[in-house]
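All remarks here apply to the structure that follows.
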Amino acid sequence: MPQSQTLSGGFADPARQSAHAFRSVMEAMARPGSLHDITGAEPPASLSVATGAVLLTLCDTDTPVHLAGDADCATVRDWIAFHTGAPFCGPADCMFALGTWQALAPLSAFPTGTAQYPDRSATMIVEVPQLSASGATLTGPGIKDNASLSLPETRAFRDNHALFPLGLDFIFTSGSRLAALPRSTEVR
Amino acid sequence: MTDYNFAYLDEQTKRMIRRAILKGLAIPGYQVPFASREMPMPYGWGTGGIQVSAAVLTPEDRFKVIDQGADDTTNAVSIRTFFERTAGVKTTTATAEATVIQTRHRIPEAPLTEGQILVYQVPIPEPLRFLEPRESETRKMHSLEEYGLMHVKLYEDISRHGHIATSYAYPVKVEGRYVMDPSPIPKFDNPKLGDMAAIQLFGAGREQRIYALPPYTQVVSLDFEDHPFDPSRADHPCGLCGAEDSYLDEVIVDDAGGRMFVCSDTDYCSARQAAGHTGKDAA
Ligand SMILES: [Zn+2]
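These protein sequence lines map, in sequence, to chains A and B. Just so you know, UniProt numbering puts 183 at position 183 of the first sequence, and the rest follows in order with no gaps. Just so you know, UniProt numbering puts 258 at position 258 of the second sequence, and the rest follows in order with no gaps.
Structure representation (structure tokens):
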């Protein structure tokens, strides 16, 4: 792999770009199903711009990352390691997991938190082919009446919601867009 | 500005706080532990709120700080100046113009909107603390939804005073799950916590906790069937703007001990006066 690909593609102005990127992620998590643009990162071609920006904004040496399926390749590992310093790990020990929906299965392998610390749970960054405000119906905190989001399926999210206050939280990325689905959301 | 990182905190600290905020939003009302940092001001000055503000602000934000409803107290001015210097943000006293509002002890009277974020400074985040000093125990109580003692304490108030005497930091239940301390806002403000269009973030610096309410979250003040929650308000209109729907402070106006009631939310009051509303004590 050419070294230049590893070294490039980070935030040119980390403090300001990560502040903007975080606001996109926060708005997405606070308003499940809402779509947000997120830019500033140029990760290797197999990752979306949105995934790159989420990683740069949230990950560092304190956040073990699990790479699933094709995401677990030298190009991606080198880029994440260089730009965030995040260590890599298996699904059971991760704070963040990255991959396609198919590659991340089974979800039961990931930490959902403990009764006293439900926040000690994985955040799943899911690369999806497209993202739109249609499909499954979402209700719950952050949603005025209801919202729609193109989810890869519904059953897994219903099962996840049933664990509340434990559970996984999802960030879906596609191109330079993202949406989120926390455990608090009811999916129909 | 070049003497500091953007918004003072280093990037690693901001990432840690940002991760805590996201988990807080995913589990409304649950207190997420975080590693609070030393800030260049004492704890009583809202270092928890300041760290949360530092983690969410962008250079394009308009930042407002209120302390007991007022923009002009020493505390509010100093926090506003801090972010003008370290984040280069523009500031405002107008609630409607602000994108991020840091607050101590009040929720603005004007309804907040979807583009806004309300950041609370929290001294004691644990609503069960006065019942149980040990963190290990309160954490267990939250995990088991053991909120019976809290109800007993409120009911004792009723038998002693004929009503629930708690008038600040009145506990709420979030989405039917976590009991949460809304910070020392007057219970008058409690009904605004639920179903709010803005994002609400709570930061406790000394106690190292962050919690959150996403927009349109169900927030219910604890009460009893025979004693429903009453967000009591002084039975006067504002002396300056005549408002009958705002939270009032009683202020002494002269050496003879003359008093009047005025809106605690100074922006709300001055906007009403500017629009031509007057109260009986207006000059
Ligand atoms: Zn007034």
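Note that beta-carbon positions come from the ideal geometry of N, C-alpha and C, so glycine has one too.
Whole-angstrom C-beta distance between residue j and residue i, which should lie under 8 Å
| i | j | result |
| --- | --- | --- |
| tyrosine 178(B) | tyrosine 30(B) | 5 Å |
| glutamate 207(B) | proline 125(B) | 5 Å |
| asparagine 190(B) | valine 174(B) | The pair is not a contact, with the Cβ atoms about 12 Å apart (cut-off 8 Å). |
| aspartate 61(B) | valine 100(B) | 5 Å |
| alanine 71(A) | alanine 103(A) | 7 Å |
| leucine 22(B) | methionine 124(A) | Between methionine 124(A) and leucine 22(B) the Cβ distance is about 12 Å, and since that is not below 8 Å, they are no contact. |
| arginine 18(B) | leucine 58(A) | 6 Å |
| arginine 80(B) | threonine 91(B) | 5 Å |
| proline 182(B) | leucine 193(B) | 6 Å |
| glycine 140(A) | threonine 185(A) | 4 Å |
| arginine 177(A) | leucine 35(A) | 6 Å |
| serine 148(A) | glycine 33(A) | 6 Å |
Interface flag, residue i vs chain B, CB-CB below 8 Å
| i | result |
| --- | --- |
| serine 184(A) | yes |
| isoleucine 143(A) | yes |
| residue 220(A) | There is simply no residue 220(A) to check, as chain A begins at 1 and stops at 188 in what is shown. |
| alanine 30(A) | yes |
| methionine 26(A) | yes |
| aspartate 70(A) | no |
| aspartate 37(A) | no |
| aspartate 119(A) | yes |
Closer than 8 Å at the beta carbon, the chain A residues around residue i
| i | result |
| --- | --- |
| methionine 196(B) | What methionine 196(B) touches in chain A: nothing, since even the nearest Cβ is about 11 Å away. |
| phenylalanine 202(B) | Those within 8 Å of phenylalanine 202(B) in chain A number zero; the least Cβ separation is about 14 Å. |
| phenylalanine 6(B) | Ala15, Arg16, Ala19 |
| proline 59(B) | Arg16, Ala19 |
Residue i: contacting residues in chain A (beta-carbon distance under 9 Å)
| i | result |
| --- | --- |
| glutamine 12(B) | Asp60, Thr61, Asp62 |
| lysine 153(B) | Going along chain A, no residue has its Cβ under 9 Å from lysine 153(B), so there is no contact; the nearest lies around 22 Å. |
| arginine 18(B) | Ser18, Phe22, Val25, Met26, Thr57, Leu58 |
C-beta neighbour in chain A for residue i, strict 8 Å
| i | result |
| --- | --- |
| serine 221(B) | no |
| tyrosine 147(B) | no |
| tyrosine 216(B) | yes |
| valine 56(B) | yes |
| leucine 118(B) | no |
| isoleucine 21(B) | yes |
| methionine 150(B) | no |
| methionine 39(B) | no |
| threonine 2(B) | Summary for threonine 2(B): the model assigns pLDDT 45, below 50, so the residue's position carries little reliability, and this model does not support an answer. |
| arginine 15(B) | yes |
Within chain B, the residues that residue i reaches when beta carbons sit closer than 7 Å
| i | result |
| --- | --- |
| proline 165(A) | Ile27, Tyr30, Arg177 |
| alanine 82(A) | For the sequence presented, residue 82(A) should be read as phenylalanine rather than alanine. Correct list: empty, because the minimum Cβ distance to chain B is about 15 Å. |
Residue i: contacting residues in chain A (beta-carbon distance under 7 Å)
| i | result |
| --- | --- |
| serine 143(B) | Ala115, Gln116 |
| isoleucine 199(B) | Ala30 |
| arginine 139(B) | Gln116 |
Within chain B, the residues that residue i reaches when beta carbons sit closer than 8 Å
| i | result |
| --- | --- |
| residue 193(A) | This structure cannot speak to residue 193(A), because chain A is shown only from 1 to 188. |
| arginine 23(A) | Val56, Thr58 |
| aspartate 169(A) | Leu22, Lys23, Ala26 |
Short CB-CB distance (under 8 Å) between residue i and chain C
| i | result |
| --- | --- |
| arginine 106(B) | This model lacks chain C altogether; the protein chains it does include are A and B. |
message: Between the stretch 87 to 106 of chain A and the stretch 58 to 69 of chain A, can you find at least three pairs of beta-carbon atoms closer than 8 Å?
response: The stretch 58 to 69 of chain A is in contact with the stretch 87 to 106 of chain A.
Three-pair Cβ contact test at 8 Å for the stretch 136 to 146 of chain B versus the stretch 110 to 126 of chain A: Cβ pair count under 8 Å is three or more, so yes.
query: In chain order, which alpha helix (DSSP H) runs of at least 4 residues are fully inside the stretch 85 to 128 of chain B?
result: Listed in chain order, nothing qualifies, since the stretch 85 to 128 of chain B has no complete alpha helix (DSSP H) run of 4 or more residues.
message: So, does the stretch 49 to 58 of chain A touch the stretch 46 to 58 of chain B, judging by three or more C-beta pairs under 8 Å?
response: When C-beta atoms of the stretch 49 to 58 of chain A are compared with those of the stretch 46 to 58 of chain B, fewer than three pairs fall below 8 Å, so the two segments do not count as touching.
- prompt: At which residue ranges does the stretch 76 to 107 of chain A contain complete beta strand (DSSP E) runs of 3 or more residues, listed in the order of the chain?
  reply: Counting only runs of 3 or more, we get 96 to 100.
query: Counting pairs of Cβ atoms below 8 Å between the stretch 51 to 58 of chain B and the stretch 15 to 29 of chain A, do you hit three or more?
result: As far as the Cβ criterion goes, the stretch 51 to 58 of chain B touches the stretch 15 to 29 of chain A, which means the pair count is three or higher.
query: Can we say the stretch 237 to 247 of chain B touches the stretch 258 to 278 of chain B, given the rule of at least three CB pairs closer than 8 Å?
result: At 8 Å Cβ cutoff, the stretches touch.
task: Would you check if the stretch 147 to 162 of chain B and the stretch 195 to 213 of chain B touch, i.e. whether three or more CB-CB distances between them fall below 8 Å?
output: No, because fewer than three Cβ pairs between the stretch 195 to 213 of chain B and the stretch 147 to 162 of chain B fall closer than 8 Å, the two stretches do not touch.
query: Is the stretch 226 to 243 of chain B touching the stretch 61 to 75 of chain B in the sense that three or more CB pairs, one from each, lie closer than 8 Å?
result: The stretch 61 to 75 of chain B is not in contact with the stretch 226 to 243 of chain B.
message: So within the stretch 101 to 158 of chain A, which uninterrupted beta strand (DSSP E) runs reach at least 3 residues, ignoring any that extend past its ends?
response: Entirely contained in the stretch 101 to 158 of chain A, the beta strand (DSSP E) runs reaching 3 residues are, in chain order, 123 to 127, 136 to 139, 147 to 149.
- request: Specify whether the stretch 215 to 222 of chain B and the stretch 156 to 172 of chain A touch according to this definition: at least 3 beta carbon pairs, one from each stretch, less than 8 Å apart.
  value: The stretch 215 to 222 of chain B is not in contact with the stretch 156 to 172 of chain A.
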